[in-house]
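Number of protein chains: 2
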Amino acid sequence: MENQFTLTATLHKVDVLRHTPSGIPVLEVVLQHNSWQEENGIPCQIKFELPAKIIGQNAQAWQHKQGEIVTVSGFLAQRSQRIFRPVLRIQHITEYKG
Amino acid sequence: MENQFTLTATLHKVDVLRHTPSGIPVLEVVLQHNSWQEENGIPCQIKFELPAKIIGQNAQAWQHKQGEIVTVSGFLAQRSQRIFRPVLRIQHITEYKG
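Here it is in structure tokens:
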């Protein structure tokens, strides 16, 4: 059952690093995406902001990187049980090299 | 600038096929996803429903396939300019073979 999302985006907002009760670092960020995609042969401009979460060592490594352009991959998940507000749970993050 | 999402999901709701003013078929669907993913070494169950749109020949081909399990890929886009409510714009859709 696949759920794999890869996105190039700016680290538009980066929260203060926090830790779970068991001591695991968690970093909440907002990704800002802007690209051209093709749909049925027609190019269209896509712009959005998407909340995302980094857990573990990467959370520490990226806490001071606001404004950087990154390529992230991970899976999409629900924020709450009730309404689907998506959050990208980041498994891999690298600097975007153009 | 990547924006590529692959998801295995049930075609939970399938709207009536409509056409754009220029005659292109459009099918709006709701995908229901349920899987286990791994985050920082810990498995977690992921469940959500995500609106999606199919444009072109695939729209016609899938209009009577409610309830089928599919693997789709495409790009995530915004529904409206104001608030980010995501919709998956499907570029490829195939029957899920397990």
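Sequences listed follow chains F and G, in order.
Letter by letter, the first sequence follows residues 1 to 98 of UniProt numbering.
Letter by letter, the second sequence follows residues 1 to 98 of UniProt numbering.
For each residue, glycine too, the CB sits at the ideal point set by N, CA and C.
Between Tyr96/F, Leu50/F, Thr10/F and Cys44/F, which has its C-alpha nearest Leu88/F's C-alpha? Checked all of Tyr96/F, Leu50/F, Thr10/F and Cys44/F; the closest Cα to Leu88/F is Leu50/F.
Is Leu17/F near Leu27/F, with beta carbons less than 8 angstroms apart? Yes. Within cutoff.
Extract the residue ranges of the alpha helix (DSSP H) inside the region 27-73 of chain F, only unbroken runs of 4 or more that lie entirely within it. Within the region 27-73 of chain F, the runs of alpha helix (DSSP H) that reach at least 4 residues and sit entirely inside it are, in chain order, 57-61.
Quick check: the Cα distance between Glu38/G and Lys47/G, rounded to an integer number of angstroms? The alpha-carbon atoms of Glu38/G and Lys47/G are separated by roughly 14 angstroms.
Since I believe His19/F is in contact with Val30/F (beta carbons under 8 angstroms), could you give me their beta-carbon distance rounded to a whole number of angstroms? Your pair Val30/F and His19/F does not check out as a contact, with CB atoms roughly 20 angstroms apart and the cut at 8 angstroms.
Which residues in chain G sit within 7 angstroms of Gln4/F, going by Cβ to Cβ distance? Thr6, listed in chain order.
Using the C-alpha atoms, what's the distance from Lys53/G back to Arg79/G? In a straight line, the C-alpha of Arg79/G is about 11 angstroms away from that of Lys53/G.
Which listed residue (Gly67/G, Asn3/G, Ile42/G and His92/G) has its alpha carbon closest to that of Gly56/F: Of the candidates Gly67/G, Asn3/G, Ile42/G and His92/G, the one whose C-alpha sits nearest the C-alpha of Gly56/F is Ile42/G.
Cβ-based burial, Pro86/F [other Cβ within 10 Å; buried from 16]: Taking every protein chain shown into account, the CB of Pro86/F has 16 or more other CB atoms within 10 angstroms, so this residue is buried.
Throw me the rounded Cβ distance for the Gln32/F and Thr10/F pair, which I believe falls under 8 angstroms. Here Gln32/F really is in contact with Thr10/F; their C-beta atoms are around 4 angstroms apart, less than 8 angstroms.
Alpha carbon of Lys97/G to alpha carbon of Glu2/F, nearest angstrom: So the alpha carbons of these two residues sit roughly 12 angstroms apart.
If you count every other CB in all the chains shown that lies within 10 Å of the CB of Ala61/F, and 16 or more means buried, which is it? Exposed, because fewer than 16 other Cβ atoms sit within 10 Å of the Cβ of Ala61/F.
Rounded to whole angstroms, what's the CA-CA distance from Gln91/G to Asn40/G? Just pull it up for me. Distance between the alpha carbons of Gln91/G and Asn40/G: 30 angstroms.
Mind checking if Arg18/G is an interface residue toward chain F, Cβ cutoff 8 angstroms exclusive? Not one chain F Cβ lies under 8 angstroms of Arg18/G.
Glu39/G CB to nearest chain F CB: under 8 angstroms? Yes, its Cβ sits closer than 8 angstroms to a Cβ of chain F.
Which of the three DSSP states is assigned to Ile24/G in this structure? Three-state result, Ile24/G: coil.
Within-8 angstroms CB hit, residue 99/F to chain G: No statement about residue 99/F is possible, as the shown extent of chain F runs from 1 to 98 and does not include it.
Top-ranked residue by Cα proximity to Val14/F, from Ile24/F, Thr94/F, Gly67/F and Ser22/F: Per the Cα distances, Gly67/F.
Would you call Gly74/F buried or exposed, if buried means 16 or more other Cβ atoms sit within 10 Å of its Cβ? Buried, since its Cβ has 16 or more Cβ neighbours within 10 Å.
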